[in-house]
Amino acid sequence: MPDFKRYIRQLILPGFGADAQRKLAEAKVLIVGMGGLGCPALQYLAGAGIGSIGIMDADEVSLSNLHRQVLFDEFDIGQLKVSVAARKITKLNSGIQLIEFPFQLNKENAFAIIEQFDCVVDATDNFSAKYLINDTCVLLKKAWVYGAVSGYEGQVAVMNNIHIPDPVHYRHLFPQQPLRNEFASCEETGVIGVLPGIIGTMQAAEVIKWITGLGKLQNGLLLNYHFLSGSWYEIALTPNPETPVIDESFFNKMNYNMECANEEEEMEDIDITEIDVRQLLKIQEEPGHFILDVRELHEYPSLDFVHARIPMSVLKESLDQLPQQPVYIICHQGIRSVYAAQYIKLHKGVETFSVKGGLTAYFNAVDHE
Amino acid sequence: MGIKVLFFGSVTDITIVSELSREDCADTDTLEKELLKQFPALANKKYFLALNQQVIHENCPLKQGDIVALMPPFSGG
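For the protein sequence lines, the chains are U and Y, in the order given.
Residue numbers for the first sequence follow this note's numbering, so the first one is 3 and each next one is one higher.
Residue numbers for the second sequence follow this note's numbering, so the first one is 9 and each next one is one higher.
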């Protein structure tokens, strides 16, 4: 029996009791990702007394993590996230077991690792990992709790809830993994710290309900939170009969790193030139140059030099707005601009250049001058 | 009363607004076609449709007061 005094405040709740506490103590939960979602999920799951928690992340703590990953502090910068998290969480609750995985989940290790746990918290920040978690959990018949943020919105849902027949999973919503550059990442679009805090905490809540059997058992309910309006929008999910069957051969065929449509495969071969900020500053002085900003319209700051603007989201339909001449492309971090440069070169046949490091590098350079 | 259309996540990068209304529309396929005319970039966008807060996998008839949501995948964390 777990420590009665420690858990007294949840033990005395109606419907909770020693039985629920014992289920938590016997549970094994894997948290993939120790970032904005994973940190709060870990803190609350450890606090609640989950007996065994796996934590997985290959990254080290950096300064720009601290506004949202408040488990970490300034002294942790440069250290492995899983090591720091394990050290701190052991101080919070020494009665639970923490298993550190200081590397990424991949197709080769996913089965062996996920197999050891009862359920998985998806605290990742990319589609490759989400699809890999989904397919592995479907094959191994494990539930997983999806969480993600986009701009000022975040969402959470229990996927592959094996307690019910015909459970909904992620491929019922989006059968195919989006292309790598189809969606901008948090790194590129920004995120307000408290938002993944809310969503990660919601994920911990869903895990506790799933393990203890408390509350209502839904076959997939997507909760979408909007930070600015402070409101939740619920969408009931149902299985899509057209979703492909996920079996071993499906899994073996899948390339999670870059499962691409033909177009992206074609794009991989397009060589474009990356230029640095110094070269960009030189180009600005030449007459007749064409610089294109592919950030979305809501992204700041605005540029202090002459440029055209076509957001990535409408680039494909806007190619005729581009002149038949070399195009210098810039975005926030220099990730989307590579894709835009490849796309424009392929479909427009002009030379394209991507600014390495994007506006972040540009403003750093300009500030230092 | 009309039909209310809600946009979520990165779909609002294209639509700019987070909701709009339509006077009248026979079904969700027709609504999608009209939205594509208004926002051509939606053609290259992944999203699913929900009708009155329930995901739909096929064309559904619409009536006054219905709410349709366009939900793209989210991946940030």
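Note that the Cβ used here is the ideal one computed from N, Cα and C, for glycine as well.
It should be emphasised that the depicted structure is a prediction, and the values quoted were computed from it without experimental measurement.
Around the Cβ of residue i, are there at least 16 other Cβ atoms within 10 angstroms (buried) or fewer (exposed)?
i: Arg173 (chain U); result: buried
i: Asp127 (chain U); result: buried
i: Asp21 (chain U); result: exposed
i: Phe15 (chain Y); result: buried
i: Asn119 (chain U); result: Before going on, a small fix: residue 119 (chain U) reads as Phe here, not Asn. Buried, because 16 or more other Cβ atoms sit within 10 Å of the Cβ of Phe119 (chain U).
i: Gly85 (chain Y); result: buried
i: Tyr148 (chain U); result: buried
i: Asp137 (chain U); result: buried
i: Glu298 (chain U); result: buried
i: Lys358 (chain U); result: buried
i: Glu208 (chain U); result: buried
i: Gln71 (chain U); result: buried
i: Asp369 (chain U); result: exposed
i: Glu42 (chain Y); result: exposed
i: Gln99 (chain U); result: exposed
i: Leu73 (chain U); result: buried
i: His334 (chain U); result: buried
i: Ala263 (chain U); result: With a pLDDT of only 42 at Ala263 (chain U), under the threshold of 50, the placement of this residue in the model should not be trusted; the figure read from the coordinates follows. Exposed is the call here.
i: Pro303 (chain U); result: exposed
i: Arg280 (chain U); result: exposed
i: Met9 (chain Y); result: exposed
i: Pro169 (chain U); result: buried
i: Gln344 (chain U); result: buried
i: His378 (chain U); result: With chain U covering 3 to 371 only, the question about residue 378 (chain U) has no answer from this structure.
i: Asp5 (chain U); result: exposed
i: Arg89 (chain U); result: exposed
i: Gly360 (chain U); result: buried
i: Gln81 (chain U); result: exposed
i: Phe82 (chain Y); result: buried
i: Asp271 (chain U); result: exposed
i: Val25 (chain Y); result: exposed
i: Glu66 (chain Y); result: exposed
Between the Cα of residue i and the Cα atoms of the options, which residue gives the shortest distance?
i: Gln205 (chain U); options: U:Asn226, U:Ile194 and U:Val193; result: U:Asn226
i: Asn221 (chain U); options: U:Thr214, U:Ala238, U:Leu230 and U:Gly232; result: U:Ala238
i: Ala112 (chain U); options: U:Ala131, U:Asp306, U:Gly97 and U:Glu102; result: U:Ala131
i: Phe29 (chain Y); options: Y:Phe82, Y:Lys12 and Y:Ile75; result: The identity of residue 29 (chain Y) in the sequence shown is Ser, whereas the question assumes Phe. Among Y:Phe82, Y:Lys12 and Y:Ile75, the Cα nearest to that of Ser29 (chain Y) belongs to Y:Lys12.
i: Glu353 (chain U); options: U:Ala60, U:Pro42 and U:Val340; result: U:Val340
i: Phe355 (chain U); options: U:Leu317, U:Ser315, U:Lys255 and U:Phe292; result: U:Phe292
i: Leu32 (chain U); options: U:Leu44, U:Arg24 and U:Ile312; result: U:Leu44
i: Gly19 (chain U); options: U:Leu216, U:Ser85, U:Asp271 and U:Pro313; result: U:Leu216
i: Lys347 (chain U); options: U:Phe365, U:Val151, U:Leu39 and U:Ile274; result: U:Ile274
i: Thr92 (chain U); options: U:Leu47, U:Asp59, U:Met314 and U:Val63; result: U:Leu47
i: Ser233 (chain U); options: U:His69, U:Leu197, U:Gln179 and U:Asn259; result: U:Leu197
i: Asp32 (chain Y); options: Y:Gly17, Y:Pro80 and Y:Lys71; result: Y:Lys71
i: Leu282 (chain U); options: U:Ile272, U:Leu294 and U:Ile14; result: U:Leu294
i: Lys318 (chain U); options: U:Ile337, U:Pro289 and U:Lys350; result: U:Lys350
i: Ala150 (chain U); options: U:His69, U:Ile213, U:Gly40 and U:Glu76; result: U:Gly40
i: Pro69 (chain Y); options: Y:Leu44, Y:Val25, Y:Lys45 and Y:Asp35; result: Y:Asp35
i: Gly17 (chain Y); options: U:Ile194, U:Trp146 and U:Tyr154; result: U:Tyr154
i: His228 (chain U); options: U:Asp61, U:Lys218, U:Ile201 and U:Trp212; result: U:Ile201
Give the DSSP-derived three-state secondary structure of residue i in the structure shown.
i: Tyr148 (chain U); result: strand
i: Gln72 (chain Y); result: coil
i: Gly33 (chain Y); result: Per the sequence shown, the amino acid found at residue 33 (chain Y) is Cys instead of Gly. Coil, per DSSP.
i: Cys262 (chain U); result: Note that Cys262 (chain U) scores 40 on pLDDT, short of 50, meaning its location in the model is unreliable; the coordinates nonetheless yield the value given after this. Of the three classes helix, strand and coil, the one that applies to Cys262 (chain U) here is coil, per DSSP.
i: His228 (chain U); result: strand
i: Leu65 (chain U); result: helix
i: Gly156 (chain U); result: strand
i: Pro137 (chain U); result: A quick correction: the sequence has Asp, not Pro, at residue 137 (chain U). If DSSP states are grouped into helix, strand and coil, Asp137 (chain U) belongs with the helices.
i: Val106 (chain Y); result: Residue numbering for chain Y in the displayed model covers 9 to 85; residue 106 (chain Y) lies beyond these limits and cannot be assessed.
i: Glu287 (chain U); result: helix
i: Ser18 (chain Y); result: coil
i: Glu236 (chain U); result: strand
i: Ser315 (chain U); result: helix
i: Leu175 (chain U); result: helix
i: Gln46 (chain Y); result: helix
i: Asp295 (chain U); result: strand
i: Lys12 (chain Y); result: strand
i: Leu216 (chain U); result: coil
i: Val54 (chain U); result: A quick correction: the sequence has Ser, not Val, at residue 54 (chain U). Strand at Ser54 (chain U).
i: Val63 (chain Y); result: strand
Can you determine whether any heavy atom of the ligand MG sits closer than 8 Å to the C-beta of residue i, and answer yes or no?
i: Gly290 (chain U); result: The model on display carries no ligand, and the ligand MG is accordingly not part of it.
I'd like to know whether the C-beta of residue i is nearer than 9 Å to at least one C-beta of chain A.
i: Ile11 (chain Y); result: Among the protein chains of the structure shown, namely U and Y, there is no chain A.
Touching by the beta-carbon criterion (3+ pairs, under 8 Å), the stretch 157-171 of chain U and the stretch 43-55 of chain Y: no
The stretch 322-342 of chain U touching the stretch 56-76 of chain Y, judged by at least three CB pairs closer than 8 Å: no
Runs of beta strand (DSSP E) lying entirely within the stretch 3-40 of chain U, each at least 3 residues, in chain order: 30-34
Touching by the beta-carbon criterion (3+ pairs, under 8 Å), the stretch 239-255 of chain U and the stretch 308-325 of chain U: no
Complete alpha helix (DSSP H) runs within the stretch 85-127 of chain U (minimum length 4 residues, chain order): 112-116
Beta strand (DSSP E) runs contained entirely in the stretch 322-370 of chain U, provided each spans 3 or more residues: 329-332 and 354-357
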